[in-house]
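Chemist:
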Amino acid sequence: MAAAAAATAASATGPEEEERSEEPLMESEESAGCRGGGSSDDDDDDEEDEEDDEEKENEAEIQRLEEQLSINVFDYNCHVDLIKLLRQEGELVQLRRARQKMSELFPLTEEIWLDWLKDEIRMALEGSDREKVYELFERAVKDYICPEIWLEYAQYSIGGIGEEGGIEKVRGIFERALTAVGLHVTKGAATWEAYREFENAILETAQPAAGSVPSPEQQQALALQLDRIHTLFRRQLSIPLLDMEATYAEYEEWSADPIPDSVTQSYRKALQQMEKYKPYEEALLVAETPKLAEYQTYIDLELKTGDPARIQLIFERALAENCLVPDLWARYNQYLDRQLKMKELVLSAHDRAVRNCPWTVGLWNRYLLAMERHGVDHRLVSDNFEKALNAGFIQATDYVEIWQAYLDYLRRRVDFKQDSSKELEELRSAFARALDYLKQEVEERFSESGDPSCTIMQNWARIEARQCNNMQKARELWDSIMTKGNAKYANMWLEYYNLERAHGDTQHCRKALHRAVQCTSDYPEHVCEVLLTLERIEGTLEDWDVAVQKTENRLARVNEQRVKAAEREAALAQQEEEKAEQRKRLRTEKKALKKLRKTKAGDKRKADEDEEEEWGEEEEQPSKRPRGESSLPLPEGTEAMELEAGLFGRSAAVKVDPPSKQKEKAAALKKEMPKVPHDSSKDSITVFVSNLPYSMGEPAGALRPLFEGCGEVSEIRPIFSNRGDFRGYCYVEFKEEKAALRALGLDRQLVAGRPMFVSPCVDKNKHPDFKVFRYSTALEKHKLFISGLPFSCTKEELEEICQAHGTVKDLRLVTNRAGKPKGLAYVEYENEAQASQAVLKMDGMTVKQNTIKVAISNPPQRKFPDRPEAGKASAPMVPRQIYGARGKGRTQLSLLPRALHRPSLKTENGTVPNQTAGASSPSPPGAKMSNADFARMLLKK
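When we follow UniProt numbering, the leftmost residue of the sequence shown carries the number 1, and every step to the right adds one.
What follows is the structure, encoded as structure tokens:
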């Protein structure tokens with residue numbers, strides 16, 4: 001077979017290709033004559049060796065792709081690569097098998113189908129082979145709406161016109177093509193013209209010979225054929241299509257009679273419709289692929305018009321370019337389910353939806369409902385459900401959802417009037433299998449069941465109780481539910497109680513409530529109240545006494561626990577307040593000690609420095625200082641931005657002056673700076689710039705060229721320390737608010753090797769919940785998180801790796817504040833499917849001897865301490881370690897002499913007695929000495 005196929009392929013090359021194959025040989029002979037004898041044989045050997053090496057490499061690559069598909073059969077790109085390589089090698093048998101396998105899993109694109117069809121047409125010689133090609137065409141036209149495939153189908157059918165019923169078969173294919181793509185505004189005209197050319201060719205063959213008189217039968221056949229062509233012209237002119245004017249002119253030239261007024265009116269009406277569609281078609285023409293927004297607008301227009309054929313066509317056109325958008329498939333299927341309700345059309349659309357987006361559980365659920373709605377055989381429904389389980393959903397909850405949809409379907413098949421039936425047993429076995437599947441398959445993969453509240457088990461218990469009157473089974477199921485960590489929730493006990501109340505007896509209701517009183521931890525008052533209500537209505541005096549005693553004891557324990565918890569919170573809050581007061585006192589004493597030392601040293605600039613220190617306290621106090629930099633703090637809000645710092649291009653080099661000039665310029669700039677660094681009334685036209693290099697001598701001059709590109713800059717106010725050093729942040733004020741908004745786009749641009757942070761200027765005291773973190777912290781199925789990258793990996797290198805698995809929309813390397821890489825990256829793909837395929841292919845890949853990890857981007861939720869409300873105790877907070885002006889020291893040794901160490905004096909509750917932080921108040925005996933006490937002792941005051 002392989003030899004015959006190879007011979008067939010060789011015979012199909014034709015004389016031109018044979019001539020081309022001879023040209024290199026002739027050239028080598030001529031060159032051999034110039035170079036001398038024997039060199040031609042050497043070149044031939046080298047070429048053969050190279051061909052052998054290339055053939056071996058291709059065989060190894062084919063084997064690798066086949067092994068990869070055996071591991072993950074849903075790897076779309078791997079299928080494409082294998083088909084391309086097999087076609088290149090001419091392995092026709094393996095190529096056909098690979099295409100067949102891929103078509104069973106995925107709808108094929110127009111290019112893949114056309115290549116497959118052309119290969120099969122080239123090899124089809126006999127009638128049986130032609131029938132296989134017809135079957136292949138029928139499969140091809142069902143995947144997507146492709147005018148080119150329909151034209152190829154019609155052209156191929158014309159080749160079999162000599163067979164019995166060949167003309168009618170061709171006409172039938174053309175009519176189906178017109179139904180499918182005849183309304184296509186830009187490509188539909190080609191199908192109409194091909195159909196007319198075919199009918200004109202038949203008309204030419206039906207013409208009588210020159211000089212002969214046609215018989216009545218010939219005249220009737222001619223009239224019928226002319227009427228067919230007239231009808232095609234009129235049908236086409238009544239539809240808004242591109243270049244309608246040329247078709248109308250062609251009809252006028254072809255027709256021997258004047259065009260009827262009715263046809264002209266229909267043509268003008270179609271022209272008016274074409275003017276309405278032109279803006280939408282032009283928008284599609286200039287838009288970039290996949291043109292989803294433009295197609296959505298076009299779909300809205302057609303839905304308002306209400307023509308089902310046009311609505312279906314625009315949906316199909318949109319899906320041909322956006323086949324991996326689940327929401328578009330869902331919208332299309334919803335329209336078909338609610339409006340057209342045609343079984344074959346609806347089921348075909350649902351089947352194509354799950355084949356294109358198998359990871360979307362919502363599409364599978366709608367497919368199961370559609371099959372049930374249209375009475376599909378139970379075996380087919382079950383088979384599709386099994387396909388859904390193997391589709392590879394992203395979340396554990398998706399498996400719970402698909403199981404619930406299938407169980408609902410099975411429940412609706414059961415006739416509960418019968419005591420036992422085949423359908424009921426199937427439903428029970430399905431419930432048991434669902435629980436095992438979630439426990440064994442889903443929990444192992446996701447480390448969670450996806451059903452923490454046991455909804456599937458609850459529904460099973462309700463069905464057993466209400467439909468089957470089997471309370472014993474229902475109670476067993478509820479016992480299992482409670483043992484899975486749900487016994488502490490009051491609502492779970494009340495669900496069980498309501499079920500017993502409706503279908504059980506009072507004794508089991510009382511037993512359930514007694515257990516609920518003992519186990520519930522979230523709302524015990526509620527279950528206690530329900531128990532007392534039950535005993536008040538149905539219980540005896542003894543039952544009432546037992547219930548009262550149990551509820552009182554339980555509530556007393558709960559109240560005691562709550563009081564203790566409140567006391568602990570109050571104590572922690574008190575300790576926090578005392579620590580805050582102590583820190584405040586230490587700051588005050590430190591300032592007094594500093595002034596005292598300056599006075600003793602005879603500093604003549606005391607007044608100026610006091611004024612500068614007061615001004616420095618009015619500046620915005622940063623929340624975090626970077627390691628390895630100056631001890632000057634950074635502005636508030638940059639802490640959250642450190643998590644994900646992308647590189648967005650490079651800025652111009654910033655000139656840095658020598659240290660001596662930097663100090664002179666900084667001192668001069670500082671004298672010119674106002675006392676108030678920022679006016680809050682100008683927040684809307686001001687941006688806050690931080691994480692700048694501390695070595696910038698003239699920050700305003702260096703930053704002005706960067707921000708003037710966003711708009712006219714009114715003022716740049718850098719912030720300096722008391723010594724005249726730049727603190728790494730500044731305020732940039734613009735003339736207009738639009739310029740400030742554009743300036744936010746400069747965030748993370750490199751300035752002197754560091755990413756510059758640009759954020760809105762917002763007062764955190766007035767807006768404490770304001771967040772400046774620009775990236776999403778929720779699950780993003782189209783974005784990947786890559787870790788373990790080598791620090792030397794550049795953005796371009798990583799982008800080249802990622803583009804092999806899909807279209808990369810954005811790629812960000814995570815860096816620290818100094819712009820150094822962290823070995824992490826976020827890669828945003830065009831859709832979820834490409835991201836899923838990239839995870840499968842890239843996870844565990846080796847990049848520069850580093851094994852990287854790739855996963856869907858789902859950052860963990862950050863836990864912030866709750867802000868205490870007025871009148872309530874705040875949650876305990878870890879006190880922030882306070883270091884000196886030079887930061888944390890290299891050692892943690894105490895510099896206080898041992899002779900000065902004293903045992904601390906504590907009160908009964910373990911706290912130091914409060915003392916007034918006066919300048920002359922001595923510390924009580926045994927108390928811990930403050931800095932001021934130590935200074936007074938050294939100065940003998």
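For every residue, glycine included, the Cβ atom is placed at its ideal position computed from N, Cα and C.
Please read these numbers as outputs of a predicted model, since none were measured by experiment.
Measuring only the C-alpha atoms, how far is N77 from A702?
Modeler: If you number the sequence shown from 1, residue 77 lands on position 77. If you number the sequence shown from 1, residue 702 lands on position 702. Each residue's alpha carbon lies about 49 Å from the other.
Chemist: Express the C-alpha separation of E104 and R116 in angstroms, rounding to a whole number.
Modeler: If you number the sequence shown from 1, residue 116 lands on position 116. If you number the sequence shown from 1, residue 104 lands on position 104. In the sequence under discussion, the amino acid at residue 116 is Trp, which differs from the Arg named in the question. Going from the Cα of W116 to the Cα of E104 covers about 14 Å.
Chemist: Taking just the CA atoms, how far does L95 sit from A177?
Modeler: The count along the sequence shown starts at 1 and reaches residue 177 at position 177. The count along the sequence shown starts at 1 and reaches residue 95 at position 95. Cα to Cα, A177 sits roughly 28 Å from L95.
Chemist: So which of S684, T533 and L328 has the shortest CA-CA distance to C761?
Modeler: Taking the first residue of the sequence shown as 1, we reach residue 761 at position 761. Measuring from the Cα of C761, the nearest candidate turns out to be S684.
Chemist: Helix, strand or coil: how does DSSP classify residue 969 here?
Modeler: As shown, the chain starts at 1 and ends at 941. That puts residue 969 outside it, with no answer to give.
Chemist: Going straight from the alpha carbon of G728 to that of N816, what length do you get?
Modeler: Within the sequence shown, the letter at position 728 stands for residue 728. Within the sequence shown, the letter at position 816 stands for residue 816. For G728 and N816, the distance between alpha carbons rounds to 15 Å.
Chemist: So what does DSSP say about L706, is it helix, strand or coil?
Modeler: For the purposes of this step, residue 706 is taken as the residue at position 706 of the sequence shown. Residue state, collapsed to three classes: helix.
Chemist: Counting only the same chain and skipping the five closest in sequence on each side, list residues whose C-beta sits under 8 Å from that of S421.
Modeler: If you number the sequence shown from 1, residue 421 lands on position 421. These residues qualify, in order along the chain: V414 and D415.
Chemist: Can you list, in chain order, the residues of its chain with a C-beta nearer than 8 Å to that of L85? Leave out the 5 residues immediately preceding and following it.
Modeler: Stepping through the sequence shown from its first residue, residue 85 is reached at position 85. Hits under 8 Å: N58, E61, I62 and L65.
Chemist: If contacts are defined as beta-carbon pairs under 8 Å, then Y298 and Y280 qualify, I think. What distance do you get, rounded to the angstrom?
Modeler: Position 298 of the sequence shown, counted from the start, is the residue given in the question as residue 298. Position 280 of the sequence shown, counted from the start, is the residue given in the question as residue 280. Right, the Cβ-Cβ distance comes to about 5 Å (below 8 Å), so this counts as a contact.
Chemist: Please report the residue range of the beta strand (DSSP E) in which V758 lies.
Modeler: For the purposes of this step, residue 758 is identified with residue 758 of the sequence shown, where counting begins at 1. Where V758 is concerned, the enclosing beta strand (DSSP E) stretches over R754 to P760.
Chemist: Residues in the same chain with beta-carbon distance under 6 Å from H374, minus the five sequence neighbours each way, listed in chain order, please.
Modeler: As a first step, residue 374 must be located in the sequence shown, where it is residue number 374. Closer than 6 Å at the Cβ level, and outside the excluded window around H374, lie K343.
Chemist: Give the C-beta separation of Y251 and I259 to the nearest angstrom, bearing in mind that I take them to be a contact with Cβ-Cβ under 8 Å.
Modeler: As a first step, residue 251 is located in the sequence shown; it is residue number 251 there, counting from the start. As a first step, residue 259 is located in the sequence shown; it is residue number 259 there, counting from the start. 6 Å between Cβ atoms; contact.
Chemist: In chain order, what residues of the same chain lie with their CB nearer than 6 Å to the CB of N486, ignoring the 5 residues before and after it?
Modeler: Taking the sequence shown and counting its residues from 1, one reaches residue 486 at position 486. Once the five neighbours on either side are set aside, the close Cβ partners of N486 are M492.
Chemist: Suppose contacts are defined by Cβ-Cβ distances below 9 Å. Is E796 in contact with V808 by that definition?
Modeler: Taking the sequence shown and counting its residues from 1, the one referred to as residue 796 is at position 796. Taking the sequence shown and counting its residues from 1, the one referred to as residue 808 is at position 808. Not closer than 9 Å, so no.
Chemist: Taking H378 as part of the alpha helix (DSSP H), name the residues at either end of that continuous run.
Modeler: In the sequence shown, the residue the question calls residue 378 occupies position 378. That run of the alpha helix (DSSP H) goes H378 to L389.
Chemist: Within 10 angstroms of its Cβ, does K276 collect 16 or more other Cβ (buried), or is it exposed?
Modeler: Counting from one through the sequence shown, the residue named residue 276 turns up at place 276. Looking at its Cβ environment, which holds fewer than 16 other Cβ atoms inside 10 Å, K276 is exposed.
Chemist: Could you have a look at Q207 and say whether DSSP puts it in helix, strand or coil?
Modeler: Reading the sequence shown from its first residue, position 207 is the one you call residue 207. Q207: coil per DSSP, three-state reduction.
Chemist: In chain order, what residues of the same chain lie with their CB nearer than 6 Å to the CB of L824, ignoring the 5 residues before and after it?
Modeler: On the sequence shown, position 824 is the one that residue 824 refers to. Excluding positions up to five away in sequence, the list reads S787 and V814.
Chemist: Taking just the CA atoms, how far does H508 sit from D479?
Modeler: Position 479 of the sequence shown, counted from the start, is the residue given in the question as residue 479. Position 508 of the sequence shown, counted from the start, is the residue given in the question as residue 508. Cα-Cα distance, rounded: 13 Å.
Chemist: Restricting to Cα atoms, I'd like to know which of I167, G182 and L241 is closest to Q225.
Modeler: On the sequence shown, position 225 is the one that residue 225 refers to. The shortest C-alpha separation from Q225 is found at I167.
Chemist: Quick one: complete alpha helix (DSSP H) runs, 4+ long, within the region 788–866?
Modeler: With a minimum length of 4 residues, the continuous alpha helix (DSSP H) runs that stay inside the region 788–866 are 795–802 and 832–842.
Chemist: How would you label A516, buried or exposed, when you count the other beta carbons within 10 angstroms and need 16 or more for buried?
Modeler: On the sequence shown, residue 516 is found 516 positions in, with the first residue counted as 1. By the neighbour-count rule (16 or more Cβ atoms within 10 Å), A516 is buried.
Chemist: In this structure, how does DSSP classify Y731 when only helix, strand and coil are distinguished?
Modeler: Position 731 of the sequence shown, counted from the first residue, corresponds to residue 731. Strand, per DSSP.
Chemist: Counting pairs of Cβ atoms below 8 Å between the region 199–219 and the region 181–188, do you hit three or more?
Modeler: Not touching, per the Cβ criterion.
Chemist: Checking the sheet assignment: what are the DSSP bridge partners for Q749?
Modeler: In the sequence shown, counting from the first residue as 1, residue 749 sits at position 749. DSSP output for Q749 lists M756 as bridge partner(s).
Chemist: If you draw a straight line from the C-alpha of T247 to the C-alpha of F233, how long is it?
Modeler: Mapped onto the sequence shown, residue 247 falls at position 247. Mapped onto the sequence shown, residue 233 falls at position 233. Rounded to whole angstroms, T247 to F233 spans 8 Å at the Cα level.
Chemist: Is V517 helix, strand or coil when you go by DSSP?
Modeler: Numbered from 1 along the sequence shown, position 517 holds the residue referred to as residue 517. V517: helix per DSSP, three-state reduction.
Chemist: Quick check on S759: buried or exposed, where buried means 16 or more other Cβ atoms within 10 Å of its Cβ?
Modeler: On the sequence shown, residue 759 is found 759 positions in, with the first residue counted as 1. With 16 or more other Cβ atoms within 10 Å, it is buried.
Chemist: Where do the N-terminal and C-terminal ends of the alpha helix (DSSP H) with V546 fall, by residue?
Modeler: Position 546 of the sequence shown, counted from the first residue, corresponds to residue 546. V546 -> alpha helix (DSSP H) spans L541 to K600.
Chemist: Determine the direct distance from the alpha carbon of T109 to that of E199, and round the result to whole angstroms.
Modeler: For the purposes of this step, residue 199 is identified with residue 199 of the sequence shown, where counting begins at 1. For the purposes of this step, residue 109 is identified with residue 109 of the sequence shown, where counting begins at 1. Using only the alpha carbons, I get a separation of about 31 Å.
Chemist: What is the rounded straight-line gap between the Cα of K417 and the Cα of D327?
Modeler: As a working note, residue 417 is residue 417 in the sequence shown. As a working note, residue 327 is residue 327 in the sequence shown. Approximately 40 Å between the Cα atoms of the pair.
Chemist: Look at the Cβ atom of Q837, then the Cβ atom of D243, and state whether they are nearer than 9 Å.
Modeler: Along the sequence shown, one-based indexing puts residue 837 at 837. Along the sequence shown, one-based indexing puts residue 243 at 243. Not in contact: Q837 and D243 (Cβ atoms no closer than 9 Å).
Chemist: Assuming contact is defined by CB atoms lying nearer than 9 Å, are Y523 and A512 in contact in what I supplied?
Modeler: The sequence position of residue 523 within the sequence shown is 523, counting from 1. The sequence position of residue 512 within the sequence shown is 512, counting from 1. No, these two residues do not count as a Cβ contact at 9 Å.
Chemist: Mapping DSSP to helix, strand and coil, what is R717?
Modeler: Taking the first residue of the sequence shown as 1, we reach residue 717 at position 717. Looking at R717 - three-state DSSP - the assignment turns out to be strand.
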